[in-house]
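A quick write-up on the structure given underneath.
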DNA sequence: GTTAGCACTCGTCGGCAGAGAGTGCTAACA
DNA sequence: TGTTAGCACTCTCTGCCGACGAGTGCTAAC
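Protein chains in written order, with our numbering: chain F, 104 to 453; chain S, 104 to 453.
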C-alpha cells in the first residue's frame, strides 16, 4: 500500500520492458484508449519494430502488469502495472518550482482570511492535480478551549463563540435558562474564561457540578461544542474540481453518481482514515488496493497535514485509476507541506 | 418574469386546452420524452379520442405553448407553455404539512450551530426540491461591527475575530507591526471595542487618523474584514444536490460541465442579483427568460430571505427547464420563510 | 535476439430496412 | 358544429450487415 513498500518484481523486468510499461502508462493516461504496439514503437527512443514491442507486451501481460480489454485492440495497464509504475518508473514527484511559486503566491492573498483556507486549498489542489480534491479542516485529537465569548441577542438568547487552541472557531446559538443582558454575559465570561482555558470537553463538563444554573448551561453548551469540533462524524469534507473528472469517459454513466455519493457522506472518510499512516507521507491507493469497495475504480492519493499529535487534517485527490499519478502525488505532497507550515504559525503559541 | 405578472393568453384557451397543457407538462416532467396524443388521451379524465387531442395540440402549438422537436414524435412544452402552466394551471405551491414538519424538525437539530445553517439549508432544499440548490449566507448592505476579539499566536502574529450585527463571524490572521502579548492585545481590545461598536468599514477607517501604529493596523484590518463580508464578489454560494440533475438526460454531455462552471464562479450571482425583487416573493425564470445566456436551458426558482433593509440572503433552485416547478416553488418559498424566521431571532437585538 | 510478413480477431462505423410512434387531413357521424 | 375513425405519411430508433482498420500471435528469415 505504502509508496515505499518493497516490490519484488523489479528484478524480473528488463530495462526495455520497463520502458515499454512506462510509455504505455503515459500514453494511456492521456488518451484513455488501449495502446497498441505500433504506437509504442513510434514513441520509442531506440528504433525498434512493433513486433519486438509485441513480444515485450506479451511478457508484461504474463507478469500481470498489462491486460487487453478485447482480444484485438491494444493493452492497458492493470492496477499492479500502475503500482509498479508509481514505484519505479515515475521519477521523483516534485512540483515544478513555477507551480510552487504560483501556489504560494495565491495563498498569500487569502492568508489573512483563515475561514477560507480549507476551501481555497481544495480549489488549488483540484486545479493543480487536475482531479477531484478532498480537504478536511484541521482538527486536534481532543479540542481544547482557548477562548470564548458571548453576545446577547435577546433577553433569553445569545451567541456563543468558541475558539480552540488550534484556532478553530465555532458559533452557537444559546437559549438561556434565564434572562441575561450583555453586561451580565460579559461579567460571566470574564469569570469563566480563566476557569476553562485549555480544557477539553470532559474537563469542562466536570466543572458543571456545583455551578449555578446559567453558568452550568453555558459550560454544558461549551462541552457540546468542543465535542462536535473533535468528532469524526462532524468533520466536513470540502471538495473541488468535479468538472475535472465528470467529463471523462470513465464517469459518463452511473459512476459519476457514485463520486457524488462518496463525497457527500462520511463514508469516504471512514474508509480512508484508518489507512492513513501517522507520518505525512503521501499514500497512494490504486483500484483494488482501495479499502472501500466503492473506490474500486478510483485512484486515490492522500496525505495528512498539520502538527503531529496536536492538530491534523487530511487532503488528497480522487480520480480515475487512469490518472496522472505524478501530477497528483506531487501536488498533494506540496499542498500538505504548505498547509503544515500554515498550521505551524497558528499553533506554535501556547 | 414575476410569478404574479398578468398574462393575456388566459382567455384564449378553452378549459379542455388548459387540461391538455396541464397533462402534457406533468407527463413531460416525469418522462422527459415528447408526449403524444395517445398518451394524453389515455390520461384524460373525460373519455376523448386521440384525434381530438391532436386538434387541441395543434391549437396550443399555434399559440406557441407547445412545439414538436421532430415532425413525428410527440410534443413538448415551450418556455411560454411552462410559464402559462406556472401561472394558471399549477395550483397553489404549498409544501405538504408533513414535509414542513420534517424540515422544521431537522432544522431544530442543527439550530445551535449556526456556522452550518447555510450548508444545511442547501442540503434540505436540494432534497426537497429534487434539484440543485443554491444558498448564499445572509449579508447586510453594509456590515456593522458588533464585537471583535484578538488572540495572540506569536509575538507578532494574532488571530482577529470579527462579529457583525447580523451575527456573521470572520476570523483573520494578523501580522502585527510590533510585538504584542495577549495582555497587551486584551487591553487594546477593551479600549477599542467601545470605539468601533456599530460602525461600518468607512467609519472604522476614519478612526485610523491619529491612532498609533498598532491600533491603526488593527483598525485597518477590521475595515478590510468588514468590507469583505459585505461585498458581492466575496459572497460564497453554497450548493447541494448535484446528483439530482447530473443523471438526467439533459445534462449528459457538456451541459453538466456548464452547471459546475456556473456554480463555481460568481457569474451566477451577478446575473441573478439585479433581477431579484425587494420583497420575498418567489421568482421564477424559465429558459429564455433567464437573464444570463448560460442559464438559457435552465429553470431557476429563487427567493430572498432575511429582514428587509437589514440583512438578506438568497436561496433557490436550479434545474432543467423540464423540472417540477410546483415542488421547487413550494420548497423555495418555505425555506425562505424558515430562514427569515431564524434571521429574526438573530437580528432582533440592537 | 530481432524483424518482416501473414492470417486472424474483433471493435467501429456507415448504410439500410423494418418497426413503431405520432401527425395532419379527410370523411363520416351525432 | 364538434367529435371521431381511418389512412397515408414522416421521422426516429433499432438491429443487422459488411467493409475497414487497428492490433495480435505466430512463423520464418535475417
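Glycine included, every Cβ here is placed at the ideal spot set by N, Cα and C.
Helix or strand or just coil, what does DSSP make of residue i?
{"i": "residue 130/F", "result": "helix"}
{"i": "residue 300/S", "result": "coil"}
{"i": "residue 315/F", "result": "coil"}
{"i": "residue 238/S", "result": "strand"}
{"i": "residue 60/F", "result": "With chain F covering only 104 through 453, there is no way to say anything about residue 60/F."}
{"i": "residue 285/S", "result": "helix"}
{"i": "residue 371/S", "result": "helix"}
{"i": "residue 364/F", "result": "helix"}
{"i": "residue 324/F", "result": "helix"}
{"i": "residue 295/F", "result": "helix"}
{"i": "residue 120/F", "result": "helix"}
{"i": "residue 399/S", "result": "coil"}
{"i": "residue 309/F", "result": "helix"}
{"i": "residue 166/F", "result": "helix"}
{"i": "residue 380/F", "result": "coil"}
{"i": "residue 243/S", "result": "strand"}
{"i": "residue 329/F", "result": "helix"}
{"i": "residue 454/F", "result": "Absent from the structure is residue 454/F, since the part of chain F shown begins at 104 and ends at 453."}
{"i": "residue 290/S", "result": "helix"}
{"i": "residue 178/F", "result": "strand"}
Kindly indicate if chain F contains any beta-carbon less than 8 angstroms away from that of residue i.
{"i": "residue 105/S", "result": "Summary for residue 105/S: the model assigns pLDDT 42, below 50, so the residue's position carries little reliability; its value from the coordinates is reported in the next sentence. No, no contact with chain F."}
{"i": "residue 266/S", "result": "yes"}
{"i": "residue 395/S", "result": "no"}
{"i": "residue 275/S", "result": "yes"}
{"i": "residue 359/S", "result": "yes"}
{"i": "residue 254/S", "result": "yes"}
{"i": "residue 336/S", "result": "no"}
{"i": "residue 230/S", "result": "no"}
{"i": "residue 262/S", "result": "yes"}
{"i": "residue 326/S", "result": "no"}
{"i": "residue 130/S", "result": "no"}
{"i": "residue 283/S", "result": "no"}
In terms of residues, what are the limits of the alpha helix (DSSP H) holding residue i?
{"i": "residue 171/F", "result": "Premise fails: residue 171/F is in no alpha helix (DSSP H) and is neither H nor E."}
{"i": "residue 210/S", "result": "200–213"}
{"i": "residue 184/F", "result": "182–187"}
{"i": "residue 265/F", "result": "Residue 265/F -> not in any alpha helix (DSSP H); beta strand (DSSP E) instead, spanning 260–267."}
{"i": "residue 151/S", "result": "From DSSP, residue 151/S is part of no alpha helix (DSSP H); its letter is neither H nor E."}
{"i": "residue 229/S", "result": "220–232"}
Within 8 angstroms (strictly less), CB to CB, does residue i reach chain S?
{"i": "residue 218/F", "result": "yes"}
{"i": "residue 270/F", "result": "yes"}
{"i": "residue 421/F", "result": "no"}
{"i": "residue 363/F", "result": "yes"}
{"i": "residue 346/F", "result": "yes"}
{"i": "residue 331/F", "result": "yes"}
{"i": "residue 416/F", "result": "no"}
{"i": "residue 250/F", "result": "yes"}
{"i": "residue 350/F", "result": "yes"}
{"i": "residue 304/F", "result": "no"}
{"i": "residue 448/F", "result": "yes"}
{"i": "residue 370/F", "result": "no"}
{"i": "residue 214/F", "result": "yes"}
How far does the beta strand (DSSP E) with residue i in it extend, from its first residue to its last?
{"i": "residue 386/F", "result": "386–389"}
{"i": "residue 270/F", "result": "Premise fails: residue 270/F is in no beta strand (DSSP E) and is neither H nor E."}
{"i": "residue 88/F", "result": "For chain F, the structure presents residues 104 to 453; residue 88/F sits outside this window and is missing."}
{"i": "residue 252/F", "result": "248–257"}
Should the stretch 422–434 of chain F be regarded as contacting the stretch 221–236 of chain F, the criterion being three or more beta carbon pairs within less than 8 angstroms?
Enough Cβ pairs lie closer than 8 angstroms, so yes.
For the stretch 259–272 of chain S against the stretch 342–352 of chain S, do three or more pairs of beta-carbon atoms, one drawn from each stretch, fall closer than 8 angstroms, so that the two count as touching?
With a cut-off of 8 angstroms, the stretch 342–352 of chain S and the stretch 259–272 of chain S do not count as touching, because too few Cβ pairs lie within range.
Pairs of beta-carbons, one from the stretch 247–258 of chain F and one from the stretch 278–289 of chain F, closer than 8 angstroms: are there three or more?
The answer is yes - the stretch 278–289 of chain F touches the stretch 247–258 of chain F, with three or more Cβ pairs under 8 angstroms.
In chain order, each beta strand (DSSP E) run of at least 3 residues that lies wholly inside the stretch 332–362 of chain S
Along the stretch 332–362 of chain S, the beta strand (DSSP E) occurs as fully enclosed runs of 3 or more residues at 340–343, listed in sequence order.
Cβ contact (3+ pairs, closer than 8 angstroms) linking the stretch 174–189 of chain S and the stretch 117–126 of chain S:
Touching, yes, given that three or more Cβ pairs across the two stretches are closer than 8 angstroms.
Examine the Cβ distances between the stretch 398–418 of chain S and the stretch 436–444 of chain S and report whether three or more of them are shorter than 8 angstroms.
Between the stretch 398–418 of chain S and the stretch 436–444 of chain S, the count of C-beta pairs closer than 8 angstroms reaches three or more; the two stretches touch.
Looking at C-beta atoms only, is the number of pairs between the stretch 377–389 of chain F and the stretch 398–405 of chain F that lie closer than 8 angstroms three or more?
Counting Cβ pairs under 8 angstroms, three or more are found: they touch.
Does the count of Cβ pairs from the stretch 324–334 of chain S and the stretch 280–294 of chain S closer than 8 angstroms reach three?
With fewer than three CB-CB distances shorter than 8 angstroms, the stretch 324–334 of chain S does not count as touching the stretch 280–294 of chain S.
So does the stretch 197–207 of chain S actually touch the stretch 170–184 of chain S, counting three or more Cβ pairs closer than 8 angstroms?
The stretch 197–207 of chain S, when compared against the stretch 170–184 of chain S, does not touch it at the 8 angstroms Cβ threshold.
With three or more C-beta pairs closer than 8 angstroms as the rule, is the stretch 309–325 of chain S touching the stretch 239–247 of chain S?
Fewer than three pairs of CB atoms, one per stretch, sit closer than 8 angstroms, so the stretch 239–247 of chain S makes no contact with the stretch 309–325 of chain S.
Below 8 angstroms, how does it come out for the stretch 316–324 of chain F and the stretch 286–295 of chain F: are there three or more Cβ pairs, yes or no?
The stretch 316–324 of chain F, when compared against the stretch 286–295 of chain F, does touch it at the 8 angstroms Cβ threshold.
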